[in-house]
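One structure is given here, and the rest of the page talks about it.
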Amino acid sequence: MQATDSLLARITVDPHVLAGKPTVRGLRISVQQLLKAMAAGQTAAELMQEYPELEPEDFQSVLLYAANVVGEQRVYRFSA
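According to our numbering, the sequence shown holds residues 3 to 82 in order.
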């Protein structure tokens, strides 16, 4: 559990940084930005070259954060 907590602590929300979007360690690199880049096929190694301030644990943090957000979603079906 401690590893999970320390990973999630890397994701920060500050209303003064990217309008409050979740970011990695307060950097101007959003969780959404990294997820979209990875979904488009960019690897963590490529992204670390593009953003040298990123660390390998940041990618684990982004994925864990996204998994937690999706895990909290509930979908309700309504019939018309």
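No residue lacks a Cβ here, since even glycine has one placed at the ideal position from N, Cα and C. Remember, it's a predicted structure, so these values are computed and weren't measured experimentally.
*Do you know offhand how far I31's Cα is from R79's?*
Here residue 31 refers to the residue found at position 29 when the sequence shown is read from its first residue. Here residue 79 refers to the residue found at position 77 when the sequence shown is read from its first residue. Spanning the two alpha carbons is a distance of roughly 35 angstroms.
*alpha helix (DSSP H) containing Q34: first to last residue?*
Within the sequence shown, the letter at position 32 stands for residue 34. Run containing Q34: V33 to A41, per the alpha helix (DSSP H) assignment.
_My output table needs one value for T6: the three-state DSSP class, helix, strand or coil._
Taking the first residue of the sequence shown as 1, we reach residue 6 at position 4. DSSP places T6 in helix when its eight states are reduced to three.
*Check whether the Cβ atoms of V77 and V33 sit closer than 8 angstroms, and answer yes or no.*
Working through the sequence shown from its first residue, we reach residue 77 at position 75. Working through the sequence shown from its first residue, we reach residue 33 at position 31. In this structure, V33 does not lie closer than 8 angstroms to V77 by Cβ.
*With V19 as the anchor, note down where its alpha helix (DSSP H) starts and where it stops.*
Locating residue 19 in the sequence shown gives position 17, counting from the first residue. V19 -> no alpha helix (DSSP H), and no H or E assigned at all.
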